[in-house]
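Per our numbering, the very first residue in the sequence shown carries number 540; after that it's consecutive.
Beta carbons are placed, not taken as given, at the ideal position from N, Cα and C, and that holds for glycine.
Just so it is clear, the structure is predicted and the values come from calculations on it, not from any experiment.
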Amino acid sequence: MIYLGKVILAIGAHPDDCELGCYATLAYHKHKGDEVHLLVLSKGEAGGPSDKRISECKKAAQVLGADSITIEDLKDRMITTDYQTIELIQAKVDALQPDRIYTHSSHDNHQDHRNAALATMTLYRHVDDIFLYESPSVSLEFTPRVFVNITNFFHIKLEALKLHETQNDKYYVRTEAIAGLAQYRAFQAGMLATHNHSKAEAFDLAKLTL
540 MIYLGKVILA
550 IGAHPDDCEL
560 GCYATLAYHK
570 HKGDEVHLLV
580 LSKGEAGGPS
590 DKRISECKKA
600 AQVLGADSIT
610 IEDLKDRMIT
620 TDYQTIELIQ
630 AKVDALQPDR
640 IYTHSSHDNH
650 QDHRNAALAT
660 MTLYRHVDDI
670 FLYESPSVSL
680 EFTPRVFVNI
690 TNFFHIKLEA
700 LKLHETQNDK
710 YYVRTEAIAG
720 LAQYRAFQAG
730 MLATHNHSKA
740 EAFDLAKLTL
């Protein structure tokens, strides 16, 4: 049977959000033969010079082998759920007709992340699957329901994050922090019972169509 690849859209509020939340899973999709597209809603200027952050994001997309990356110009730290945010996401959904979206969780203490999630949810009926990834600022209400075995793709996540040199001073991009979370999620999923070095990315589930 010939596998008919799916179209995947990953949405991040800032240039490093998808890398932190779902990049190894996106690498798994590329390995399967799926199309992977990235939509970044802001240039992340609050976290460093926007030109550098854009360059870092594009280099990380090359590591992933993304089919496209779109970086929009919403104001960092001021992303809302108004029509402007919704229309940016709607335009990308209309153009790509994705089978699955990966986006932020609404259970996130960062207002940009939370509002990106809520804006995505307005397109609920237009997409079969919507998976919600975790960021370092998710709240205690984030409850993972889906675990992806990323053991063979974890190195891509690390390589991509290392390219975000403007963020190197952040504690949550340290290799030990990223690896520790990935191993903890693998433990939750029961993967460590068979392989002590397993890694996982975890997602809450907004919608799954079978």
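Does DSSP put Asn688 in a helix, in a strand, or in coil? Correct three-state label for Asn688: strand.
Where the beta strand (DSSP E) through Phe681 begins and ends: No beta strand (DSSP E) holds Phe681; DSSP gives it neither H nor E.
Rounding to the nearest angstrom, what Cα-Cα distance links Gly604 and Leu679 in this structure? Distance between Gly604 and Leu679, taken at the CA atoms: about 33 Å.
In this structure, what does DSSP give as the bridge partners for Ala549? Answer is Leu577, Tyr641, bridged to Ala549.
Just how far apart, CA to CA, sit His649 and Met617? A direct Cα-to-Cα measurement between His649 and Met617 gives close to 10 Å.
Closest by CA to Gln706, which one among Ala728, Thr564, Asp615, Glu595? Taking Gln706 as reference, the option from Ala728, Thr564, Asp615, Glu595 with the minimal CA-CA separation is Glu595.
Three-pair Cβ contact test at 8 Å for the region 607 to 626 versus the region 650 to 666: At 8 Å Cβ cutoff, the stretches touch.
Per DSSP, which one or two residues make a beta bridge with Asp743? Listed as beta-bridge partners of Asp743 by DSSP are Leu671.
Could you check where the beta strand (DSSP E) with Asp612 kicks off and where it finishes? Residues 607 to 613.
Just to confirm my understanding: we take Leu743, look at its own chain, exclude 5 residues before and 5 after, and list those with CB closer than 7 Å. What are they? Checking the sequence, you will find Asp at residue 743 rather than Leu. Cβ neighbours of Asp743 within its own chain (closer than 7 Å, five residues either side excluded): Ser644, Leu671, Phe681, Thr682, Pro683, Arg684.
For Arg724 versus Ala745, is the C-beta spacing smaller than 8 Å? Judged by their CB atoms, Arg724 and Ala745 are not nearer to each other than the 8 Å cut-off.
To which residues does DSSP link Asp651 through a beta bridge? Asp651 is not bridged to any residue.
Which whole-angstrom value describes the C-beta separation of Phe686 and Ala741, a residue pair presumed to lie in contact below a C-beta threshold of 8 Å? Indeed they touch by this definition, with Cβ atoms about 5 Å apart.
Per-residue burial, Lys571 [other beta carbons within 10 Å of its own, 16 or more giving buried]: By the 16-neighbour rule on beta-carbons within 10 angstroms, Lys571 is exposed.
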